[in-house]
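>
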Amino acid sequence: MTGPQSAYGERNSVATVQSVDRALSVLEILAAHGEAGVTEVAAELGVHKSTAFRLVAVLESRGFVEQLADRGKYRLGFGVVRLAGAAAAQLDIAREGRRVCETLAADLEETVNIAILDSDRAVNVSQARGPAALSTHNWVGQATPLHATSSGKVLLAHAPDAVRKGVLSRELPRFTSATITDPDVLQQHLDRIVEQGWGATAEEYEVGLNAVAAPVRGADGDVIAALSVSGPSFRMGAEDFPRLARRVVAGADEMGRRLGFFG
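Under my numbering, residues 34 to 296 are what the sequence shown spells out, in order.
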């Protein structure tokens, strides 16, 4: 599209990016100075005081900055701490789990992944391939559905009630003829995962791909990740799941110990 509407859309997009850039600059200013008033923020940004106030107000509403009582100054809020903690936790999981991934991948000769729960999906944060792995697909950073992958089902089985109920209340997309789309059937699978300590998928996300996963617990005992092994169905049949599960559970337990869990 060209003409006035297109030009307006481009200007609007540029303005949005500029606002995001300025908001991030506000956080950097407060991080550098510890605290600052709207006038100081406006001066450093080179904008009108009213613009600086709007930026600070939005950040305050989301908990990223907070106002010091009766001083008219602002400082970083706990929203920043929350994000930093989440990022640090993900880095710890990927770092501490790397050796486990590589050892397990070499031993089982298949691809091993670590995934974490991100809202209503599973996101892979680390991967190691075994010598017999056929696929060259890199799953790191990829989001996968909770109901159709082994890691996803393990994470969903141990997820907060609100997350689990949210997933089970929506339509479950079908990826293959084996994908579980009935919420009641999926709930039965989740109950079994909690009971036996591991979960599996047989061609539920991709035809010809099977996987087994186990929960990884953090220092407080909560499930913070899932460790999985995946491979072609002709080499990793359903009859192999219990044997593979014992190794994956052992690997997940080792990861948990590295992260401070000794339950």
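C-beta: ideal position from N, C-alpha, C; glycine also. Here the structure is a predicted model, which is why all the values come from computation and not from measurement.
What does the alpha-carbon distance come out to for the pair Leu92 and Val98?
Roughly 6 Å between the two C-alpha positions.
> DSSP puts Ser261 in a beta bridge; with which residues?
Answer is Asn146, Ala246.
> Report all residues from its chain with a CB closer than 6 Å to the CB of Gly79; omit the five preceding and five following residues, and keep chain order.
Same-chain partners within the cutoff: there are none.
> Mind checking who Gln100 pairs with in its DSSP beta bridge?
Looking at the DSSP assignment, Gln100 forms a beta bridge with Tyr107.
> Do you know how far the Cα of Ala161 is from the Cα of Arg225?
When rounded, the distance between both Cα atoms is 27 Å.
> Identify whether Ser210 lies in helix, strand or coil by the three-state DSSP scheme.
Here Ser210 sits in coil by DSSP.
> Could you check the C-alpha separation between Glu61 and Gly105 for me, to the nearest Å?
Each residue's Cα considered, the two are about 18 Å apart.
> So for Val221, helix, strand or coil by DSSP?
Note on residue identity: the sequence assigns Gln, not Val, to residue 221. Gln221: helix per DSSP, three-state reduction.
> Where Val200 and Asp153 are concerned, what is the direct C-alpha to C-alpha distance, given to the nearest angstrom?
So the two alpha carbons sit approximately 7 Å from each other.
> Do you know how far the Cα of Ser159 is from the Cα of Ala148?
Approximately 7 Å, taken between the alpha carbons.
> Thinking C-alpha only, which one of Met269, Ala176, Ile257 is nearest Val187?
Among Met269, Ala176, Ile257, the Cα nearest to that of Val187 belongs to Ile257.
> Rounded C-beta distance between Phe208 and Gly254? I'm assuming under 8 Å.
Actually they do not touch by this definition, with Cβ atoms about 32 Å apart.
> Answer yes or no: do Leu63 and Arg95 have a C-beta to C-beta separation smaller than 7 Å?
The answer is no: Cβ separation not under 7 Å.
> State the Cα-Cα distance for the pair Val74 and Leu292, rounded to the nearest angstrom.
Taking the straight line joining both Cα atoms gives about 40 Å.
> Determine the DSSP secondary structure at Ala40, reduced to helix, strand or coil.
Low confidence applies here, because Ala40 scores a pLDDT of 49, under 50, leaving its location unreliable and the question unanswered by this model.
> Below 8 Å, can you find three or more Cβ-Cβ pairs linking the segment 241 to 248 to the segment 210 to 223?
At 8 Å Cβ cutoff, the stretches do not touch.
> Between the alpha carbons of Ala192 and Glu237, how many angstroms are there, rounded?
Near 20 Å, if we compare the C-alpha coordinates of Glu237 and Ala192.
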